[in-house]
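Numbering (this note's numbering), first residue to last: 18 to 205.
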């Protein structure tokens, strides 16, 4: 009877370890892909991401506020790479209305990039059901970083913000990936 419980416990631990390894492997594979694409598509955003990570690890609330400003700079660098500002200064936004796409309106330019991909026949099916989440992530990260850059925030808050930014950047480089082919050996 005891042997049966021990066997069951060992099976449970083995399953947990196997699941944990699969999760780490999946995350690591995605991280490699995102890092490779981000470095190629938006090298300035990729470089600044390291700065944000460094500031988050400090034990200083001022550094965390600076990390929030860096997040805004990363979003701008990403917009500069994916959807440079327009001469006309306006383009179709998420709801079909014209929105400003000047240099300082980088949040809008990211939304226009997503909107353009949404309208692209090849990407429309892939984006179905995810599009509103991307718009929301762009708005939420922008708003949270703007707010956090102006006041003292907790380490947990800035860690979450950097993680959400990384996931957003991953989604954006995957969207941009149709025209970008990176050899598998460069990702590994």
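We put the CB at the ideal spot given by N, CA and C, even for glycine. Given the structure is predicted, the values throughout are model-derived calculations rather than measurements.
How big is the Cα-Cα spacing for residue i and residue j?
i, j, result
"residue 33", "residue 104", "55 Å"
"residue 172", "residue 182", "15 Å"
"residue 80", "residue 25", "48 Å"
"residue 192", "residue 44", "18 Å"
"residue 176", "residue 108", "33 Å"
"residue 60", "residue 31", "41 Å"
"residue 136", "residue 99", "16 Å"
"residue 69", "residue 194", "24 Å"
"residue 102", "residue 148", "22 Å"
"residue 35", "residue 42", "10 Å"
Please identify the residue among the options whose C-alpha is closest to the C-alpha of residue i.
i, options, result
"residue 178", "86, 19, 29 and 25", "86"
"residue 185", "77, 167 and 131", "131"
"residue 89", "121, 78, 102 and 77", "121"
"residue 4", "60, 128, 170 and 137", "Since the displayed the chain opens at 18 and closes at 205, residue 4 lies outside it and no answer follows."
"residue 78", "187, 174, 190 and 46", "174"
Can you list, in chain order, the residues of its chain whose CB lies under 6 Å from that of residue i, leaving out five sequence neighbours each side?
i, result
"residue 62", "91, 94 and 95"
"residue 115", "107"
Here's a check: name, in chain order, each residue in its chain whose Cβ is nearer than 8 Å to the Cβ of residue i, leaving out the five neighbours to either side.
i, result
"residue 124", "92, 96, 155, 156 and 159"
"residue 74", "none"
"residue 65", "87, 90, 91 and 94"
Going by other Cβ atoms of all chains shown within 10 Å of its Cβ, with 16 needed for buried, is residue i buried or exposed?
i, result
"residue 83", "buried"
"residue 51", "buried"
"residue 190", "buried"
"residue 72", "buried"
"residue 134", "buried"
With a threshold of 7 Å on Cβ separation, who are the neighbours of residue i within its own chain once the five nearest residues in sequence on each side are excluded?
i, result
"residue 199", "Note that residue 199 scores 40 on pLDDT, short of 50, meaning its location in the model is unreliable; the coordinates nonetheless yield the value given after this. Hits under 7 Å: 53, 54 and 57."
"residue 152", "111, 128 and 131"
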